Each structure stands twice: as structure tokens, then as C-alpha cells.
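Scroll down for the structure; my scribbles are underneath it.
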Amino acid sequence: MTGASGGWSTSYRWMGVTRADAKGLVQHDLRAPEVTQSNPQVDSSRSLLNVAHIADGRGGLRPLSPGEDGATAVTAILDDIIAGSKKNVRRTKVKAKDPETGKRVPTGEVREVEVSLRADAAVMVECLMQLDPEFTGTGRAYDEGGRPVWVTDDNGEEVRDANGRRIQLVRTCADMTPQKREEVDRLLDVMIEEVIAQHPDGDVLYVAKHLDETAPHVQMAWVPKTGDGRINYKEVMSDAARTRGAAKAAYAAKHDRMRERLLEHGYEATMERVDGGKHHLGLRAFKRWKDREARIDQDDQKLNDWDRQLRDAKADVRVERELLEASESELASRHQSVLDQEAELPRLRRKAIDDGRAEGLADAEAVITAQVQQKVAAVIAPAQEQVAKLLQEAEDERQRAIADANRYFADAKSSALRHRAEMIESAKTNLPDLFEEFLDTPTRSGVTPRRTFDRFVDKRIGEFEAEHGVTGRLVMEPGDREAFTADGGERLAAEIAELQRDRQHGD
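Here our numbering is used: the first residue of the sequence shown is 1103, the next is one more, and so on.
And the structure:
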């Protein structure tokens, strides 16, 4: 099956485990029945579908029997391996007293001294492997346009939580078809084989395929032994690298070999690494996030267009109102003229009587009455028609403006809320770029602040390891150091806390 442009992502992570933490972690990974799983993603009703194999004590693996105490069996084998392993050595310079000065000075001789494993030494490597959730069809659901799929009831209505928010649909292993489950199982076996091939001197303690959580994945563990039989987590997992750069290169090489192995077996694994501050997203989810940013820009443009149209509509209504007021003023003036002419009638009547022209009076009254009626009809009728027309046009325009305004404010509010959230996220993303530019900008003396800042970051990472009890066991992924610089170790602290909680489930 072929993924989107760029292929499918691959999750391949590991961490060192001390002897004190080993049993609790093994109990969680092997789903010991007496241990209550605090992880909300674990569906205990589906734990029987998990497949686990443990070390048989002869260099191989055997299936974990139903009801068997796998944690006790695994930790017993771990203790035997530790007891039978070769000790690490420390090279020390031999010193002797100088007879002339009386001070102890190096003699040039270097002596190797055997040292026992420290109590906080990592004696076990726990590894977690997972395929792209969109390949397995698990995790948060999105439609073909990259929009979230929401949970609906039997009537097709969207279901909301206690706070009134919509709930995004989440697909789990239970939603996988038998064909997809078989394909995923085959590819997980390929990943297990690659891990064993990368660490040929390690003693595998157990391999567990989990189908009782959201996404199918593998958790396995082995003892990090060197070619000469010593237990040394750092040396094994960094391919004996002596510098931070070499350790990062070894880390990247392990991931690249895993992707190449999957490509050979039909999984279109991408060699692309997700960047831009979104390390927690899969490749396709990261690209959806970028598409969503583009849609927000389009919404902003539409919002500006609607705002301009609303302003134009308001201006048109204002002009129509002014025309209506002018027509009403003209109508009032004409009406006053009619009243003035009507007031003239008594004077004309008196004049006719005074002149003794009864006939003239009658004629005058008839003529004036006819003239007045004609003028009233000529003035009032068109004015009334014009007023009625203007009133109707103004009312129609007012209703359209109200409807446009309601749509505008509803869309504007929704778009503004989305834009605000994305702008905050964008600000978080852009800040590291500005800081990187500052670090590479020379001062007046011609040097950049980067070297001083790197020493400061190294010191903070050392303090962070000591604070979280992972001194000598923390391997930084590409991009982890930049993320640590950006958030002060908040994301790494959350990951370590989650792994430590998992270990404590059975303690």
C-alpha cells in the first residue's frame, strides 16, 4: 500500500532501564493480570489478543503461557545475565611520589581497573516500534480533505462533551480489518528482526505485540551487551561513539536502516523527517496542519472581502435614507403650498360678494375649487407614490444589510477564533528561527553567541537529566535539542514522566 506524497512515517524509540525499574516496566509490557493498567488507552477486554514471547534461558524465545508470571521469569533471567557478564573497565593513570619534590606525579603507566555496574546503570533497553497510524487506520480520524471526523449519534447529530465541544472520532485496533491486521503483523515482525540484527550481541528478554490500545505496536527489551560481553547501554546504543555528533549520526543511522528494511518488505517508509516544531505529528498529519494554515489565510481574505461589502452596503443604506428624508421634506413643502391656496378661498369669496357678482363668485368658487383639487392631486399623488417606493426600497435594503451583517459576524467570529489559535501556534514556531538568527549574528568583536549558548544548553541538559533521574540514559533525537531550547525541556519531561509512570504500574 502506498502512502501520500513522501510515504509513511515510522516510529522507532528506545530508552535505558535500571534494574530497580525493570520489573514494573516488564509487568506493564507483558500485561500482568495482577497489575491495574492506568493508561486510559489500554482496553483490558482486548488484552487477550496481545502476543508475547519471553526469553527461554537458552538464547531463544518462547510463548508466554496464559496466567504465567512473565515479569518474575524475565527479571530472573536478567539477573543471571548481569551476574555472568564481563565487568567494565576504567583506565587510570598510575602516579608515584617524586623523591625530589615529594609530590605524586604520573609515571606514564596506564592501568585498567575492573568496575562493577552502578545501581543507576541501564541494564536493559526497552524499545517501542509503531507504523504510521494512517497506514494502520487507527488514531484520530480525518476525511479526504484533511478535516476532522466528528462522533455522531444514531440520528447523525454531532455528539458533544460536557463542555459543549465536539468529539473527534478515534479508530482503534478493534476497527482494523483481518487483512489489515495480518499485513501490520507481518511488518511488525520485520521491525523486530531489524532490531535484533542491529544489536547482535544483545540478549533479548521479551517481545510483546499490543493490540489492546489505539494503535498496534511492539514493545520489546534486551540487555545491551558489547561484543566482549560487557553491559554498557551508552556504548551499544551509540555504536561506541565518542562525540555528541557521532552519537546523533549513529541514532539516525539506526532509523534509516529500519526504514530501508521496511521498504524492502513493501512498506513505503518515508526518509523525510518532520520538522518545524511538530515532532509529535506523523508526516501526513503535519502536512494537514500546513494545509489548514493555508485555508486560514483564505478565510482571512474572505473576511476582508465581507467587511468591505458590508461597509459598501452601509454606505448605500445611508444614501437611500438621505434621499428619503429629502423627498419627505419636499412633500411637506408642497402640502404647505396647498394649505396656503385653500386659505386664499375665503378672501376670494368675500371679494366676489363685495363686488356683487354672485355669478362671478360661483364661477370663481368652481374655478378655484377645481384648480385646488387639480393641484392637490398633482402634488400629493406622485409624492405619495414616491414615498411608498422609497420606504419599500429602504426596508428591503435594511433587511439585506441585516442578513449580510449576521452572516459576516458569525463567519468572522469563527474565523477569528481559528486564526487566533493558529497565530499563537505560528508565533511559537517562528520564535526559534529568530533566536537561531540571533545566535549566528557576530558581535562587534566578530564572534557569535552560539558557543556560549551551546555550553549553557549542555549545562541545562545535564541538570535536567539529574533532576529527572536519567543521567547517562537520555539519548537526544534529531530535533530534541532544539525542542529543549524552545520549551525548556517541557516536552522531554512529559515523555520521561509517562515512561516512568508506565514502569511504576506494577511496583
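Glycine included, each C-beta is placed from N, C-alpha and C at the ideal position.
Note that the structure is a prediction, hence the values are computed from the model and not measured.
Suppose you measure from the CA of residue i to the CA of residue j; what does that come to, to the nearest Å?
i: Arg1677; j: Thr1587; result: This structure cannot settle anything about residue 1677, because the visible part of the chain is limited to 1103 through 1609.
i: Met1226; j: Arg1283; result: 30 Å
i: Arg1449; j: Ala1472; result: 17 Å
i: Leu1416; j: Glu1495; result: Correcting the residue identity first, residue 1416 is Lys in this sequence and not Leu. Rounded to the nearest angstrom, the two C-alpha atoms are 14 Å apart.
i: Met1117; j: Trp1252; result: 36 Å
i: Ala1445; j: Arg1413; result: 49 Å
i: Leu1230; j: Arg1557; result: 31 Å
i: Gln1411; j: Ala1243; result: 37 Å
i: His1382; j: Gly1331; result: Note on His1382: pLDDT 42, under 50, position unreliable in the model; no value is reported.
i: Arg1192; j: Gly1248; result: 56 Å
i: Asp1291; j: Gln1300; result: 14 Å
i: Gly1574; j: Val1325; result: 16 Å
i: Asp1377; j: Ala1354; result: Residue placement at Asp1377 is flagged as unreliable, the pLDDT there being 49, under the threshold of 50; a coordinate-derived value is accordingly withheld.
i: Leu1601; j: Leu1132; result: 15 Å
i: Ala1178; j: Pro1201; result: 54 Å
i: Asn1152; j: His1130; result: 12 Å
i: Thr1240; j: Arg1220; result: 41 Å
i: Ala1529; j: Asp1181; result: Note on Ala1529: pLDDT 48, under 50, position unreliable in the model; the coordinate value appears next. The alpha-carbon atoms of Ala1529 and Asp1181 are separated by roughly 50 Å.
i: Asp1305; j: Arg1603; result: 25 Å
i: Gly1564; j: Val1577; result: 12 Å
i: Glu1584; j: Arg1262; result: 37 Å
i: Gln1501; j: Arg1423; result: 14 Å
i: Gly1159; j: Glu1538; result: 52 Å
i: Ala1351; j: Asp1222; result: 26 Å
i: Glu1285; j: Glu1236; result: 14 Å
i: Ala1464; j: Glu1497; result: 48 Å
Along the alpha helix (DSSP H) that carries residue i, what are the first and last residues, could you check?
i: His1357; result: Arg1346 to Glu1366
i: Glu1569; result: Arg1552 to Glu1569
i: Pro1165; result: Note, Pro1165: premise wrong, no alpha helix (DSSP H); beta strand (DSSP E) at Leu1163 to Pro1165.
i: Met1293; result: Pro1280 to Gln1300
i: Leu1074; result: Past the boundaries of the shown model lies residue 1074; the chain is included only from 1103 to 1609, so the question cannot be answered.
i: Glu1337; result: Tyr1335 to Met1339
i: Ile1598; result: Glu1592 to Arg1605
i: Ala1585; result: Asp1582 to Asp1589
Can you tell me whether residue i is buried or exposed? The criterion is at least 16 other CB atoms within 10 Å of its CB, across all chains shown.
i: Lys1125; result: buried
i: Val1619; result: The shown model of the chain, from 1103 to 1609, leaves out residue 1619, and the question about it has no answer.
i: Asn1334; result: buried
i: Ala1317; result: buried
i: Ile1504; result: exposed
i: Gly1379; result: In this prediction, Gly1379 scores a pLDDT of 44, lower than 50, which makes its location untrustworthy; the coordinate-derived value is nonetheless stated afterwards. Gly1379 is buried by the Cβ-count criterion.
i: Pro1208; result: exposed
i: Leu1150; result: exposed
i: Val1572; result: buried
i: Phe1540; result: exposed
i: Val1176; result: buried
i: Gly1210; result: exposed
i: Ser1111; result: buried
i: Lys1311; result: buried
i: Asp1542; result: exposed
i: Glu1214; result: exposed
i: Glu1296; result: buried
i: Gln1232; result: buried
i: Leu1364; result: buried
i: Thr1545; result: exposed
i: Ser1340; result: buried
Residue i and residue j: beta carbons closer than 7 Å?
i: Met1360; j: Tyr1510; result: no
i: Lys1429; j: Leu1493; result: With the sequence shown as reference, residue 1429 is identified as Ser, and Lys is not the correct amino acid for it. The answer is no: Cβ separation not under 7 Å.
i: Ala1157; j: Leu1307; result: yes
i: Phe1566; j: Gly1591; result: yes
i: Leu1313; j: Tyr1369; result: no
i: Asn1190; j: Val1212; result: no
i: Asp1287; j: Gly1329; result: no
i: Glu1260; j: Thr1254; result: yes
i: Ala1479; j: Leu1433; result: no
i: Val1338; j: Glu1228; result: no
i: Val1049; j: Glu1499; result: Given that the chain is displayed from residue 1103 to residue 1609, the structure contains no residue 1049 and the question cannot be resolved.
i: Arg1206; j: Lys1197; result: yes
i: Gly1109; j: Thr1279; result: no
i: Glu1315; j: Gln1143; result: yes
What residue range is occupied by the uninterrupted beta strand (DSSP E) comprising residue i?
i: Asp1256; result: It is not in any beta strand (DSSP E) - Asp1256 carries neither H nor E in the DSSP assignment.
i: Glu1211; result: Arg1206 to Val1217
i: Gln1232; result: Ala1224 to Leu1233
i: Asp1182; result: No beta strand (DSSP E) holds Asp1182; the alpha helix (DSSP H) holding it covers Gly1172 to Gly1186.
i: Asp1305; result: Asp1305 to His1312
i: Arg1192; result: Asn1190 to Lys1199
i: Ala1154; result: Val1153 to Ala1157
So that I know if they touch, is there some Cβ in chain C lying closer than 7 Å to that of residue i?
i: Met1293; result: Among the chains of the structure shown, chain C does not appear; only one protein chain is present.
- [ ] Pair every Cβ in the segment 1332–1349 with every Cβ in the segment 1272–1286, then say whether three or more of these pairs are closer than 8 Å.
- [x] no
TODO: Check whether the segment 1182–1191 touches the segment 1166–1174, taking contact to mean three or more Cβ pairs, one atom from each stretch, closer than 8 Å.
DONE: no
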